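There are 2 protein chains.
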Amino acid sequence: MSKVTCQISISLDGFAAGPNQSLENPLGEGGMRLHDWVFATASWRRQHGGQGGTDGVDSEVLDEMVQGVGAYIMGRKMFGGGSGPWDEEWKGWWGDDPPFHTPVFVLTHHPRRALSMLGGTTFTFVNDGMASALTQARAAAGDQDVAIAGGASTISQCLAAGALDELYLHIVPVILGAGERLLEGVGDPVLEPIKIAGSPAVTHIKYRIAKRS
Amino acid sequence: MSKVTCQISISLDGFAAGPNQSLENPLGEGGMRLHDWVFATASWRRQHGGQGGTDGVDSEVLDEMVQGVGAYIMGRKMFGGGSGPWDEEWKGWWGDDPPFHTPVFVLTHHPRRALSMLGGTTFTFVNDGMASALTQARAAAGDQDVAIAGGASTISQCLAAGALDELYLHIVPVILGAGERLLEGVGDPVLEPIKIAGSPAVTHIKYRIAKRS
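Quick mapping for you: the protein sequence lines, in order, are chains A and B. Residue numbers are given in my numbering: position 138 of the first sequence equals residue 138, and the series is strictly consecutive. Count along the second sequence from 1, then add 213; that gives the number in my numbering.
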């Protein structure tokens, strides 16, 4: 059955980004340390048209992430291009052929026409909130999953709303000490770890989120 | 070689105790949820003179915890009995035969004579700080390990001081939302996950802490 999932890297002290995030440094100070494990994998390099990298648990987890995803939802900050009315030149961080290859629904307060990119990725800009984005993404995904691509605040919002079925955390063994927390203001969801895996670089824990009756 | 270790249960959002800790409720609101997995195990029941409980990963982890420990260090709040000068009637939470069966060094600002309990547990009260407690505990432990028993602030202090060799976290799939954080103000230690295990109730991750050169 179609699920709403998400996966995100966090520090051991719970931050999804470091302090002082900016347009130039969207992950904040030290935030890139949360993603070093990704760039080392063979899976990431394949997905981005490269070669080499390391096989193994982390690479398998990354492969798993993109399987069965029929649509993505992301916050505006993750799509990038700054705040306020759109600069139509900005088409995301990912170049002409983004690595999504499905419909992507971007939450924004500012209207913009949809974009069709190479490789099957489309960006649709949603002005009427998370519930509407979920409805549109579910319809686009059919019997495949809807993945919340990020950033942290979009995932938190979705978790708080009880809309997430699975949360896949990649817990990176670093202490950032400050930054943007993932699990703040999300209420008291019923979580059950259903998969654990890891390497010296990162520990993966997949949680199923029960629906409260 | 003798190590300084510790193990502690934390919520997925990083709290080792819930909010509003008090003498009556030392784990704070909801804090007992972090320990439900312990009481369910066969290992815990055996260690506390009981029977029954569940075998399996969590029980094995608890068995592992007490192996090779030659001495413990704990903070005064964990030993209990309130703050200020000692009420000599208070001999800890654990009755006449505490589950440590080794020397235990209790950090306190208030002098008190050592206590010998049944089963080989002794409580020695250390007035001159963590470094002194570590020296005494290492001497008592010989070639066995020194375990920091808790609470969270004692573990944080030890981690911040670079005195910990291993940190074994039991990550419980609950969101407490508030309380006492374990990994705040501990600097930027170099951590490497060296073991992961788990059940639907809890995920265990053991980190080795590298010495900074």
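Using N, Cα and C, we set each Cβ at its ideal position, and we do this for glycine too. Since the structure is predicted, the reported quantities are computational estimates derived from the model, not experimental observations.
None of the residues of the region 340-351 of chain B has a beta carbon lying less than 7 Å from any beta carbon of chain A. Ile155(A): member of the alpha helix (DSSP H) spanning Ala152 to Ala160, first to last residue. Taking 8 Å as the upper bound for CB-CB distance, Leu396(B) and Asp36(A) are not in contact here, some 19 Å apart. Around the beta carbon of Thr348(B), fewer than 16 other beta carbons sit within 10 angstroms, so the residue counts as exposed. Three or more Cβ pairs closer than 8 Å define a contact, and the region 251-260 of chain B falls short of that threshold against the region 315-324 of chain B.
DSSP places Ala414(B) in no beta strand (DSSP E); its state is neither H nor E. When Met117(A), Leu191(A), Leu118(A) and Arg113(A) are compared, the shortest CA-CA separation from Val126(A) is found for Arg113(A).
The region 194-204 of chain A makes contact with the region 159-172 of chain A: 3 or more CB pairs, one atom from each, lie closer than 8 Å. By the 16-neighbour rule on beta-carbons within 10 angstroms, Ala423(B) is exposed. When CB distances to chain A are screened at a threshold of 7 Å, the residues of the region 375-386 of chain B falling below it are Pro386, in chain order. Contact note: Leu396(B) reaches chain A through Leu12, Asp13 and Ile175, using a C-beta cutoff of 7 Å and chain order. In this structure, the beta-carbon distance from Leu275(B) to Asp309(B) does not fall below 7 Å. For a Cβ distance threshold of 9 Å, nothing in chain B lies close to Leu34(A): the least Cβ distance comes to about 13 Å.
The beta-bridge partner set that DSSP reports for Lys408(B) consists of Lys419(B).
At a cut-off of 7 Å, the C-beta of Pro413(B) has a neighbouring C-beta in chain A.
Taking Pro189(A) as the centre and dropping the five residues before and after it, the same chain places the C-beta of Leu159 and Ile209 closer than 7 Å to its C-beta, in chain order.
Setting aside the 5 residues that flank it on each side, Gly263(B) has no residue in the same chain whose C-beta is closer than 7 Å to its C-beta. Contact note: Thr416(B) reaches chain A through Pro193, Ile196 and Ile205, using a C-beta cutoff of 7 Å and chain order.
The beta carbons of Leu176(A) and Gly30(A) sit about 5 Å from each other, so the pair counts as a contact at 8 Å. Under the three-state reduction of DSSP output, Gly294(B) falls in the coil class, being neither helix nor strand. Chain-order list of chain B residues neighbouring Pro189(A): Ile388, by C-beta distance under 7 Å.
Between the C-alpha atoms of Val387(B) and Gly82(A) there is a straight-line separation of about 35 Å.
Looking at the DSSP output, Pro103(A) sits in a beta bridge with Thr122(A). Taking the C-beta atoms as reference points, Ser272(B) is found no nearer than 7 Å to Val385(B). Close to Val399(B), with beta-carbon spacing below 7 Å, are these residues of chain A in chain order: Ile175.
In the DSSP annotation of this structure, Met214(B) is not part of any alpha helix (DSSP H), being labelled neither H nor E.
Our two residues, Ser132(A) and Ser224(B), have alpha carbons roughly 32 Å apart in a direct line. For Gly241(B), the closest C-alpha among the options Ala391(B), Pro312(B) and Asp358(B) is that of Ala391(B). Three or more Cβ pairs closer than 8 Å define a contact, and the region 229-237 of chain B meets that threshold against the region 358-368 of chain B.
Per DSSP, the continuous alpha helix (DSSP H) segment holding Met130(A) begins and ends at Met130 to Ala141. Your pair Gly68(A) and Asp145(A) checks out as a contact, with CB atoms roughly 5 Å apart and the cut at 8 Å. For Ile361(B), the CB contacts under 8 Å within the same chain, skipping 5 residues up- and downstream, are Val217, Thr218, Cys219, Tyr285, Ile286, Met287, Thr367, Ile368, Cys371 and Leu377 in chain order. Gly355(B) sits close to Gly283(B), with the two beta carbons spaced by under 7 Å. A straight line joining the alpha-carbon of His110(A) with that of Phe292(B) spans about 57 Å. Relative to Thr121(A), the option among Met32(A), Glu64(A) and Lys91(A) whose CA is nearest is Lys91(A). Distance from Val270(B) to Ser412(B) at the Cβ level is roughly 5 Å; contact confirmed, criterion being Cβ atoms closer than 8 Å.
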